[in-house]
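Let me begin by presenting the structure, written as structure tokens, before commenting on it.
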Amino acid sequence: MAALKNSYTLPAAADMHVHLRNAPGPIAALVTPTIRRAGIDTVFVMPNLAPRPVVSVAEALDYKKALQQLDPEVNYLMSLYLTRASLRTHDQLAAVGVVSFEPFHEVLKTMEEEGIVLNLHGEVPSSAADGVTVMNAEIRFLPVLKDLVGKYPKLKIVLEHCTSADAVEAVRSLHDNVVGTITAHHLSLLVDDWSANVHHYCKPSAKSPEDRRALLNAVVTSNGKFFLGTDSAPHDITSKKGKGNTAAGVFTQPHALGYVLTALEEAIARGDIPADAVTDDVLAGFFSTYGRRFYGVAPAARQIRLTRGGARVAESMSGDGVEVVPFHAGEETWGVEWL
Ligand SMILES: O=C1C[C@@H](C(=O)O)NC(=O)N1
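This is the structure in structure tokens:
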């Protein structure tokens, strides 16, 4: 017998970590319309545009306007990229591999006072000399997180895309202003999966079975500490395969909720989470209410119905000279209807 029901009626979801790319632009045009098709009405939009990230409010508002042209019904929560250059007026955008937050003291103090959320990609840079690789870069970052929380106790912090048991434990151990997002793909992938498939490679990268078990348990025992942030990261296929390094990112936007349900069901079958762990309340919290509450966004006005086997993932998605391959391309997944 299937461990999950065949259908769930839930509040519309909020995805608190998405990459929609430059707008106007061909990838944004391809992926932005898939947000609502996925049962999501609110997204937190990451600012790492190329060649220049979003660093000013004016740029963020322009970006938001361009996204609204692609789908005006989505609530786009915009963000700014914190670089040393954001402290000056413009140019010389030297992205910082931030391990010391000292240069950002004034900004962080103001964010703390104003209730502005700090979103952390919690990895230190790889360094053979220091023994840091993609497998422990997140764990090595956790002391930095704890130090930040000590210095700015009222600062609202999201440890984005948690991938390790240590990260889950760190977020749990810190006070309520510190939460974590969890992606759909890290609930199923392990290191062996991405080492064999460029479409499964992302940063932070998927890790061990124990790490995955911790993430799955974080979802079903979240109680507001963890919520959905897919880190859906579309890349043109030429950046994934071909000359040069593989771009990091798994594209999950169109079927993010179905991927989570499938991963939870597989976790029950393996014994990673209890058979009765996936309730309507757990799903509503993780998909919708916890993230909105943390960001002070109103509860969803509409509901969605997710139905087992109701959709098939496209083999690939193309438009205007770009091609993006979705996670689990070609496979059957859960369908989404708006009620
Ligand atoms: O940090 C990141 C960035 C993202 C992207 O493609 O923008 N993809 C990733 O896998 N990790």
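The UniProt record's numbering puts the sequence shown at residues 1 to 339. Quick reminder that beta carbons are idealized off the backbone N, C-alpha and C, glycines included.
(message) Quick test of the definition: if touching needs 3 or more C-beta pairs under 8 Å, does the stretch 267-282 touch the stretch 318-338?
(response) Short answer: they don't touch.
(message) Rounded to whole angstroms, what is the Cα-Cα separation between MET1 and ALA275?
(response) If you number the sequence shown from 1, residue 1 lands on position 1. If you number the sequence shown from 1, residue 275 lands on position 275. For MET1, the pLDDT reaches just 49, beneath the cut-off of 50, and the residue's location in the model is therefore unreliable, leaving the point undetermined.
(message) Between which residues of its own chain and PHE104 is the CB-CB distance below 7 Å, once the five residues before and five after are set aside?
(response) Position 104 of the sequence shown, counted from the first residue, corresponds to residue 104. Taking PHE104 as the centre and dropping the five residues before and after it, the same chain places the C-beta of LEU82 closer than 7 Å to its C-beta, in chain order.
(message) Is the beta carbon of VAL45 closer than 8 Å to that of LEU70?
(response) Indexing the sequence shown from 1 puts residue 70 at position 70. Indexing the sequence shown from 1 puts residue 45 at position 45. Contact: no.
(request) Using only the heavy atoms of ligand 1, determine whether one of them is closer than 7 Å to the beta carbon of ALA184. (result) Residue mapping note: residue 184 aligns to position 184 of the sequence shown, counting from 1. No; taking the cut-off as 7 Å, the Cβ of ALA184 has no heavy atom of ligand 1 nearer than that.
(message) Can you determine whether any heavy atom of ligand 1 sits closer than 7 Å to the C-beta of CYS162, and answer yes or no?
(response) As a position in the sequence shown, residue 162 is number 162, starting the count at 1. For ligand 1, not one heavy atom lies less than 7 Å from the Cβ of CYS162.
(request) Would you kindly check if the distance between the Cβ of ILE27 and the Cβ of ASP192 is under 8 Å? (result) Position 192 of the sequence shown, counted from the start, is the residue given in the question as residue 192. Position 27 of the sequence shown, counted from the start, is the residue given in the question as residue 27. By the CB criterion at 8 Å, ASP192 and ILE27 fall outside the cutoff.
(request) Take the Cβ of VAL198 as the centre, count every other Cβ of all protein chains shown within 10 Å, and call the residue buried at 16 or more, exposed below. (result) The count along the sequence shown starts at 1 and reaches residue 198 at position 198. It counts as buried.
(message) Measuring straight from C-alpha to C-alpha, what distance separates LEU283 and ALA129?
(response) Walking along the sequence shown from the start, residue 283 turns up at place 283. Walking along the sequence shown from the start, residue 129 turns up at place 129. Approximately 43 Å, taken between the alpha carbons.
(message) Let's test the definition: count the other Cβ atoms within 10 Å of the Cβ of ALA311 and tell me whether it reaches 16, buried, or not, exposed.
(response) Position 311 of the sequence shown holds residue 311. So ALA311 ends up on the buried side.
(message) Among LEU159, ALA206, VAL134, THR133, whose alpha-carbon lies nearest the alpha-carbon of PRO143?
(response) The sequence position of residue 143 within the sequence shown is 143, counting from 1. The shortest Cα separation from PRO143 among LEU159, ALA206, VAL134, THR133 belongs to LEU159.
(request) Please report the Cβ distance between THR206 and LEU190, rounded to the nearest whole angstrom; I am assuming they are in contact, meaning their Cβ atoms lie under 8 Å. (result) Translated into the one-based positions of the sequence shown, residue 206 becomes position 206. Translated into the one-based positions of the sequence shown, residue 190 becomes position 190. The sequence shown places Ala at residue 206, rather than the Thr named in the question. LEU190 and ALA206 do touch by the CB rule: their CB atoms are close to 5 Å apart, below 8 Å.
(message) Can you tell me which residues fall inside 7 Å of ligand 1, judged by beta-carbon distance to its nearest heavy atom, and keep chain order?
(response) Proximity annotation: ligand 1 has residues HIS19, MET46, ASN48, HIS121, CYS202, LYS203, ASP231, ALA233, HIS235, ALA247, ALA248, GLY249, VAL250 in chain order, each selected because its CB is closer than 7 Å to a heavy atom of the ligand.
(request) Determine, using beta carbons only, whether ALA38 and HIS255 come nearer to each other than 8 Å. (result) Here the question's residue 38 lines up with position 38 in the sequence shown. Here the question's residue 255 lines up with position 255 in the sequence shown. Closer than 8 Å, so yes.
(message) Quick check: the Cα distance between SER183 and LYS243, rounded to an integer number of angstroms?
(response) On the sequence shown, position 183 is the one that residue 183 refers to. On the sequence shown, position 243 is the one that residue 243 refers to. Note on residue identity: the sequence assigns Thr, not Ser, to residue 183. Approximately 28 Å between the Cα atoms of the pair.
(request) Select from LEU67, TYR76, ASN48 the residue whose C-alpha is nearest the C-alpha of LEU120. (result) Here residue 120 corresponds to residue number 120 of the sequence shown, with the count starting at 1. From the listed residues LEU67, TYR76, ASN48, the smallest Cα separation to LEU120 is found for ASN48.
(message) If contacts are defined as beta-carbon pairs under 8 Å, then LEU215 and HIS186 qualify, I think. What distance do you get, rounded to the angstrom?
(response) Working through the sequence shown from its first residue, we reach residue 215 at position 215. Working through the sequence shown from its first residue, we reach residue 186 at position 186. Confirmed, about 6 Å.
(message) Quick check: the Cα distance between SER127 and SER288, rounded to an integer number of angstroms?
(response) Walking along the sequence shown from the start, residue 127 turns up at place 127. Walking along the sequence shown from the start, residue 288 turns up at place 288. Cα to Cα, the separation comes out at about 38 Å.
(request) Could you check which residue in LYS151, LYS203, ALA12, THR34 has the C-alpha nearest to that of THR246? (result) Residue numbering aside, residue 246 sits at position 246 when the sequence shown is read from its first letter. Closest by C-alpha distance to THR246, out of LYS151, LYS203, ALA12, THR34, is LYS203.
(message) If I measure Cβ to Cβ from ALA165 and keep anything under 7 Å in the same chain, skipping five residues before and after, which residues do I get?
(response) Within the sequence shown, numbered from 1, the residue matching residue 165 stands at position 165. Taking C-beta separations shorter than 7 Å and ignoring five residues to either side along the sequence, the partners of ALA165 in its chain run GLU210, ASP211, ALA214, following chain order.
(request) With a threshold of 16 other CB atoms inside 10 Å of the CB of THR230, please say whether the residue is buried or exposed. (result) Indexing the sequence shown from 1 puts residue 230 at position 230. So THR230 ends up on the buried side.
(message) Can you find the residues in the same chain that come closer than 6 Å, C-beta to C-beta, to PHE294, ignoring five residues on each side of it along the sequence?
(response) The residue you call residue 294 lines up with position 294 of the sequence shown. Correct list, in chain order: VAL179.
(request) Give every residue of the same chain whose Cβ lies closer than 6 Å to the Cβ of PRO24, excluding the five residues on either side of it in the sequence, and list them in chain order. (result) Here residue 24 is taken as the residue at index 24 of the sequence shown, counted from 1. Closer than 6 Å at Cβ, skipping near neighbours: ALA66.
(request) Compare the beta carbon distance of VAL149 and ILE139 with 8 Å and say whether it is the shorter of the two. (result) The count along the sequence shown starts at 1 and reaches residue 149 at position 149. The count along the sequence shown starts at 1 and reaches residue 139 at position 139. Not a contact, by the Cβ cut-off of 8 Å.
(message) Is it buried or exposed, GLU123, if we count other Cβ atoms within 10 angstroms and call 16 or more buried?
(response) Translated into positions along the sequence shown, residue 123 becomes position 123. Classification of GLU123: buried, given that the 10 Å Cβ count is 16 or more.
(message) Taking its Cβ as the centre, do 16 or more other Cβ atoms sit within 10 Å of VAL57, making it buried, or is it exposed?
(response) Working through the sequence shown from its first residue, we reach residue 57 at position 57. VAL57 counts as exposed, since fewer than 16 other C-beta atoms from the protein chains shown sit within 10 angstroms of its C-beta.
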